[in-house]
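Participant:
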Amino acid sequence: MIDRRALLRLAAGAGTASLVAACGWDGGNAVRPLLLDVSRFNDWVGEKIFFSKNRLAPEYPVAERTARLPSYFISPSLPMLENPSAWRLQVAGLVREPQALSLEQLHAMPPTSYTVKHHCVEGWSAIATWHGVPVSAIAERCGVLPQARYVRFDSFDSGYSNGWDLASAMHPQTILAYGMNDNPLPPTHGAPLRLYSPTKLGYKMTKYLVSLTFTAERPGGYWEDQGYPWFGGV
Amino acid sequence: MRLTHWLTFVVLVGMILSGLQIYGAYARFGERDGPYYAPNPFQDHGFPTWSRLGGWLAGGLNWHFTLMWPLTLGGLLYLSYLAASGEWRSLLFRPRDIRGAIEMQKYYLRLRKDHPPQGKHNPLQKAAYTFIILLGVLSVLSGFAIYKPTQLSWLTALFGGFQAARYWHFWAVWIFTGFLVVHVLLVFIVDPASLRAMITGWYRGRFPSHD
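Here the protein sequences come in this chain order: G and S. Counted the way the working numbering counts, the first sequence spans residues 351 to 584. Counted the way the working numbering counts, the second sequence spans residues 557 to 767.
Written out as structure tokens, the structure reads:
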């Protein structure tokens with residue numbers, strides 16, 4: 351009898367599955383919360399099991415760079431600063447000494463460069479070189495308080511933002527990039543400053559940065575709030 | 557055992573449908589805007605709505621990254637049961653089955669009149685079931701290679717890189733689909749009673765060697 355019931359359940363499940371497929375179903379109100387709960391569990395697995403603060407992404411020879419990297423922003427037109435010289439990166443939140451850093455100040459800090467593979471959530475990948483300063487160096491400069499667990503990155507691209515776990519943000523390859531492929535960062539890729547890391551999917555790397563805030567609460571993000579995985583680690 | 561079979565079936569269908577949704581976000585292989593030398597008849601080809609689960613990329617991802625757990629755990633449960641119970645002996649295709657497989661093939665091609673002796677499964681069945689388990693392992697491993705290409709870069713490199721891992725993962729879908737069609741056809745043509753046996757556990761068909 352149990353088996354017969356199992357069969358009925360199975361038939362109901364298969365029927366639902368095909369119905370679901372027919373509607374291009376994203377889970378509906380009944381299942382979507384469950385899918386998002388599993389996604390939160392996967393965030394935990396991504397951070398605590400797969401991610402290691404010491405494991406570095408493989409680097410590639412400069413000759414293997416991809417010819418063209420696509421440009422993404424959410425504003426209706428290319429986000430540009432009206433007055434670039436007035437731009438400052440605000441570093442705030444749970445820090446001892448909040449900062450307002452100019453591009454010159456960032457250039458004066460010890461630079462990092464690497465040629466790495468970019469992984470987009472869509473499935474494409476591309477190799478490019480990035481130049482900038484590690485987020486960990488900024489954290490050292492402003493004195494992060496022990497209560498800080500996350501970092502929120504904000505932009506001037508129509509409010510696009512991301513939230514990161516502190517461990518990923520402090521990874522040695524997580525940088526604030528002001529250069530790309532031996533040139534200043536172009537406006538199509540987030541000028542004057544963007545977040546970059548080969549340990550995250552592209553949508554986690556905030557472009558057109560304006561501020562960096564250390565928080566105790568987990569910040570949301572533009573795509574993350576719409577259902578994309580929050581951790582977004584690769 | 558039967559439970560893991562049906563669990564795998566339902567979950568695998570969900571994995572394939574959500575996988576087709578994900579594929580549509582970038583329906584080709586190779587580095588961005590670059591060529592890819594391996595053939596792909598589905599290049600730049602989105603799949604119809606009825607074959608996609610999730611509604612959009614994030615929905616497809618959430619289904620895929622949820623169902624990956626029952627698929628992997630069910631697979632591990634099944635493999636540990638096979639190992640612990642000794643039932644792997646009646647399923648695993650080994651070098652010594654090659655001769656039997658040839659005899660079986662001769663029988664099917666009517667080059668041999670009598671059915672060769674066999675245990676629970678004949679050598680060709682063993683080959684098919686061993687192959688499909690290996691395909692399952694390949695799918696899960698190539699899946700992890702795509703999921704964490706930086707953290708598991710050694711695994712991704714083993715598949716030939718991120719894009720090659722995507723390629724293997726995608727082809728596994730079509731081999732699974734082909735297997736499913738042949739598997740179901742054979743059930744109905746050769747031994748329909750085995751379907752009831754797979755559901756209820758009781759076999760009352762025409763092959764007495766089944767238990």
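Ideal Cβ placement from N, Cα and C applies to all residues, glycine included.
1. Please report how far the alpha carbon of S/Phe-718 lies from the alpha carbon of S/Leu-629, in whole angstroms.
2. For the stretch 466 to 489 of chain G, which residues have a beta carbon sitting closer than 8 Å to at least one beta carbon of chain S?
3. Label S/Phe-715 either buried or exposed according to how many other C-beta atoms from any shown protein chain fall within 10 Å of its C-beta, with 16 as the threshold for buried.
4. I'd like to know whether the C-beta atoms of G/Trp-437 and G/Leu-428 end up nearer to each other than 7 Å.
5. Got a sec, what are the start and stop residues for the alpha helix (DSSP H) G/Val-519 sits in?
6. For G/Asn-392, does the count of other Cβ atoms within 10 angstroms reach 16, so buried, or fall short, so exposed?
7. May I ask you to list, following chain order, the residues of the stretch 401 to 421 of chain G that have a beta carbon less than 8 Å from some beta carbon of chain S?
8. Specify, as a first and last residue, the run of the beta strand (DSSP E) that S/Ile-572 falls within.
9. I need the straight-line Cα distance from S/Ser-607 to S/Phe-732, nearest angstrom please.
10. Give me the Cα-Cα distance between G/Lys-398 and S/Arg-588, rounded to the nearest whole angstrom.
11. Looking at S/Trp-619 and S/Leu-609, is the spacing between their C-beta atoms short of 7 Å?
12. Looking at chain G, which residues of the stretch 601 to 621 of chain S have a Cβ within less than 9 Å of any of its Cβ atoms?
13. Among S/Gln-674, S/Met-557, S/Gln-599 and S/Gly-734, which has the Cα closest to the Cα of S/Val-569?
14. Comparing C-alpha positions only, which one of G/Gly-583, G/His-468 and G/Ser-561 sits nearest to G/Ser-505?
15. If you pair each beta-carbon of the stretch 677 to 688 of chain S with each one of the stretch 441 to 450 of chain G, do three or more pairs fall below 8 Å?
16. How many angstroms separate the CA atom of G/Ala-372 from the CA atom of G/Gly-378?
17. With a threshold of 16 other CB atoms inside 10 Å of the CB of S/Val-693, please say whether the residue is buried or exposed.
18. My guess is that G/Thr-462 and G/Thr-479 are in contact by the Cβ rule of under 8 Å, so how many angstroms apart are they, rounded?
19. Compare the C-beta of S/Ser-698 against all C-beta atoms of chain G and say whether one is closer than 7 Å.
20. Should the stretch 537 to 551 of chain G be regarded as contacting the stretch 590 to 599 of chain S, the criterion being three or more beta carbon pairs within less than 8 Å?
21. Could you confirm whether any beta carbon from chain S is found closer than 7 Å to the beta carbon of G/Tyr-578?
22. Do S/Ala-728 and G/Gly-473 come within 7 Å of each other at the CB atom, strictly closer than that value?
23. Can you give me the C-alpha to C-alpha distance between S/Thr-560 and S/Leu-690, rounded to a whole angstrom?
Facilitator: If we stick to the structure as given:
1. 24 Å
2. Lys-467, His-469, Cys-470, Val-471, Glu-472, Gly-473, Trp-474, Ser-475, Ala-476 and Ile-477
3. That one is buried.
4. no
5. The sequence given here has Ala at residue 519 of chain G, not Val. Looking at the DSSP string, the run of the alpha helix (DSSP H) that includes G/Ala-519 is 516 to 519.
6. buried
7. Phe-401, Ser-402, Arg-405, Ala-407, Pro-408, Thr-416, Ala-417, Arg-418, Leu-419 and Pro-420
8. Taken as a continuous stretch (DSSP letters only), S/Ile-572 belongs to no beta strand (DSSP E), being part of the alpha helix (DSSP H) at 558 to 579.
9. 15 Å
10. The straight-line gap from Cα to Cα measures roughly 31 Å.
11. yes
12. Thr-605, Trp-606, Ser-607, Arg-608, Leu-609, Gly-610, Gly-611, Trp-612, Leu-613, Ala-614, Gly-615, Gly-616, Leu-617, Asn-618, Trp-619 and Phe-621
13. S/Gly-734
14. G/Ser-561
15. Flag = no, the stretch 677 to 688 of chain S and the stretch 441 to 450 of chain G do not touch.
16. Residue confidence is low: G/Ala-372 scores 49 on pLDDT, short of 50, so the model does not pin down where it sits. No coordinate-derived value is stated.
17. exposed
18. Contact between G/Thr-462 and G/Thr-479 is absent: CB atoms are separated by about 11 Å, not below the 8 Å threshold.
19. no
20. no
21. yes
22. Their beta carbons are not under 7 Å apart, which means G/Gly-473 does not touch S/Ala-728 by this criterion.
23. 16 Å
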